[in-house]
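Residue numbers (full-length UniProt numbering): 1 to 943.
What follows is the structure in structure tokens.
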């Protein structure tokens, strides 16, 4: 428009042009001035409620009239205000958490109600919100077009302002005419050619798969023109828009512009400017985490949604994926599901429950019973409708999975086995068998959780019974052993919640495993049988009724397997429940000899796995000799060896030769340091230097591992007194009575009296490291014996007069007799009574313990107690054997018979074993309470 004004009169100043331009654009447009505001989607509460009601009826739901959030009811008027506030923001999906708080604050919602209100709005009104804001634009009410501009084109709008423009031109550009400007917007006959010429400059649209590459080559001038695009005065360097720059690309000056020659297009082409656009190819990092490529979850309740193009996204939950994949029946999906179900049931068994995945347990059991199809080629057909079952019961491959098939064992026995015994298998067979094993393993893992066992036995009891019967009666082949093991584990967990009967197929199948050669099968079958109905109130375990003679004999033989506590435990569980019923005890008399076999074996089991428990009463405490108060002397032989060593090795050797570790003893640091100085400080001897006191004390701790330098208070010392209050000690060592050699043998001192009087005697006190040296010294130096030709032997001729006597430390024996001329008698006494014997070359040095002055005297009682649980109650085979004995004492026949010595069988059985029961009561304190009940029962037997 500004360029058009300049074309009218270019000689006027730019300021006048700017003023005219501002005046033109500041003039209010009639369309803008008189246009009414756009009506909202719902102008009133009635319209909102009507639309909401229609939407809910279309969905088949009840209309939402109010919202209950945390005991506060939001009325329909409040809901309408909230909906309008959300609509003003563009819909619920465009509201951020922070924006939600502001929206709620705007409608007066309390802060503590905002998050609950958001959840309630999502559940109740989100679909309606999406329907309103995401509906096609053509179905929404459009704002009315202003009445005076509905049929006017753009040219007519410009021509409608002709009076105002002409007045502005005459005021700011005197003598100029605006006619050329308005001639551009007048209708002409050749407008069609102009439109076609405008389209000639458009590029041809590329093919769908052909990328658009702009042409950046220099543009050829199609029309001569010397003047380039001009700039407005006052704004240097700014390139004006093509709308203002002149129609032919050149500045219009004077009368050069001819409106009649205008063809409707710009002949001067400006080079196209390009810019980089981010794409996944040149900027992959920007699109790596983009969520725009994720498909949007469709609104199934939006009746405008094109169901033909419905796209259901794959669930991101692995639990749902495997749940629905297993039910799909597709091979790849089933393999994927079973693999992950095995992992999840093993690792997350505590969180993986049947109640959260409908039909999962039924699908797994249906998959598992396909083992019959592998073995016989016949597939089971499951019938869940009790009304259709009578019509199909004659077919052998149909199962009543609602209540269980009562004749399933007959149906299984009639199926021909086509599975060969060899191990040659096809790939399809291996794959199918592995899927069956995986399905059974998943059921086994999930049934280990008590909640799952209760759920499957309550809501699929019929299918569960048939499934277990089928798995327990598979052909006896090793490749199917895993299936039987898993089925027995499942039976052990679920029979707690299942009743049974004598003709129950599941009970019959379990008893068949009692005689099995597989120990694991026997133990699992026993546990499953004894668990029947244990968690059902008021229901008796009917699995104990009607047990065959052969099974009872096998079960008794299991009580003899003492090295197998697991099998023995299962057998005792069975006998406890079996003997609770009097009829069973009466039958037991004909199966096994109670008096000589069964009851003695039970009494022997009362000490099974008993643990020794000793109680002691101290009658006299032990007294040990106090440690020596002096440090032993160092013999000259030892001192010579020590002086050849250098410090600190010398002090370590001296400590080991004169001290020993004792945690109850101690010695003062000053006494130890003085003894060390006394032994080794001799200026006349070479290499007589000693360690400093601090290093010597540190070396004590290095030499003895448990020795510690400590500072202890003096007992009775008062702080602040003139005397010392603490002592510096070495804790953990004590001095020896006799010094040791480097080989840890004590030195042997000669105690022969060499002089003195009755008040004070004088001993020889020479030290020897070997017994042989001491013996030679005594015999040769003190007794003046002559050695013989044989080493270690001496001449023992009888003396001419009594000159031989024993002077070994005032020996009283020879002293009383007096001197003797019998040389051999005196030598034999000295050698045997005082001198040590020669050592064995392989002998070990003695331990240097303190002498025990008074021994410790205790009185000890040994008990062999049965193990107990944390509550102190006995558990295990011994306790169960005691309970079986009590059941027999209760339920054995009490009628007198001449066959049993005119007494009852009950009294005959227990009278001869009373002493053994009392002995078990005496040594087993854990079973005393149960054995007391047994003894009281036997005391009340009628004579």
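Where a beta carbon is used, it is the ideal one built from N, C-alpha and C, also for glycine.
If you're wondering where the values come from, they're calculated on a predicted model, not measured in any experiment.
Within 8 Å, strictly: CB atoms of residue i and residue j
i, j, result
"residue 581", "residue 555", "no"
"residue 461", "residue 404", "yes"
"residue 570", "residue 661", "no"
"residue 559", "residue 888", "no"
"residue 641", "residue 860", "no"
"residue 452", "residue 353", "yes"
"residue 668", "residue 728", "yes"
"residue 850", "residue 648", "no"
"residue 805", "residue 819", "yes"
Which residues DSSP lists as bridging residue i, in chain order
i, result
"residue 613", "863"
"residue 753", "763"
"residue 730", "667 and 709"
"residue 621", "Partner(s): none; residue 621 has no beta bridge."
"residue 787", "794"
"residue 69", "72"
"residue 398", "381"
"residue 910", "Residue 910 is not bridged to any residue."
"residue 897", "903"
"residue 858", "618"
"residue 868", "874"
"residue 820", "804"
"residue 746", "740"
"residue 680", "None; residue 680 has no bridge partner."
"residue 768", "748"
N- and C-terminal bounds of the alpha helix (DSSP H) containing residue i
i, result
"residue 582", "582-588"
"residue 454", "450-459"
"residue 366", "360-368"
"residue 932", "928-939"
"residue 55", "45-59"
"residue 691", "Taken as a continuous stretch (DSSP letters only), residue 691 belongs to no alpha helix (DSSP H), as it is neither H nor E."
"residue 566", "565-578"
"residue 91", "No alpha helix (DSSP H) contains residue 91, which DSSP labels as neither H nor E."
"residue 523", "519-530"
"residue 716", "Segment: none, residue 716 is in no alpha helix (DSSP H) and carries neither H nor E."
"residue 288", "284-288"
"residue 155", "154-160"
"residue 837", "Counting along the chain, residue 837 falls outside any alpha helix (DSSP H), and DSSP gives it neither H nor E."
"residue 123", "114-124"
Endpoints, the beta strand (DSSP E) within which residue i is located
i, result
"residue 944", "Here the chain covers residues 1 to 943 and nothing more, so residue 944 does not appear."
"residue 709", "708-713"
"residue 388", "Premise fails: residue 388 is in no beta strand (DSSP E) and is neither H nor E."
"residue 354", "Counting along the chain, residue 354 falls outside any beta strand (DSSP E), and DSSP gives it neither H nor E."
"residue 496", "Per DSSP, residue 496 belongs to no beta strand (DSSP E) and is neither H nor E."
"residue 374", "That residue, residue 374, is in no beta strand (DSSP E); its alpha helix (DSSP H) goes 371-376."
Contacts around residue i, its chain only, beta-carbon distance under 7 Å, and the 5 residues preceding and following it disregarded
i, result
"residue 926", "865, 866, 868 and 874"
"residue 54", "none"
"residue 938", "889, 910 and 914"
"residue 166", "178"
"residue 549", "591"
"residue 457", "464, 494, 497 and 498"
Residues of its chain near residue i, where Cβ-Cβ distance is below 6 Å and the 5 sequence neighbours each way are ignored
i, result
"residue 576", "880, 883 and 884"
"residue 367", "439"
"residue 200", "Because the pLDDT of residue 200 is 41, which lies under 50, any placement of that residue in the model is unreliable, and the number read from its coordinates should be weighed accordingly. Counting only Cβ-Cβ distances below 6 Å, and skipping sequence neighbours, we find nothing."
"residue 932", "none"
"residue 598", "592"
"residue 545", "502"
"residue 381", "397 and 398"
"residue 472", "487 and 509"
"residue 48", "42 and 80"
"residue 943", "Model confidence at residue 943 stands at a pLDDT of 48, short of 50, so the residue's coordinates are unreliable and nothing is read from them."
Spatial neighbours of residue i in its chain, beta-carbon cut-off 8 Å, leaving aside the 5 residues before and after
i, result
"residue 609", "565, 866, 867, 876, 877 and 878"
"residue 106", "85"
Cβ-heavy atom distance, residue i to the ligand FMN, below 7 Å
i, result
"residue 650", "Of the ligands one can find in the structure shown there are none, so the ligand FMN has no counterpart to examine."
(request) Could you tell me which uninterrupted beta strand (DSSP E) segments, each at least 3 residues in length, are contained entirely in the stretch 632-676, listed from first to last along the chain? (result) 659-668
(request) List in chain order: all unbroken alpha helix (DSSP H) runs of 4+ residues lying wholly within the stretch 416-452. (result) 427-447
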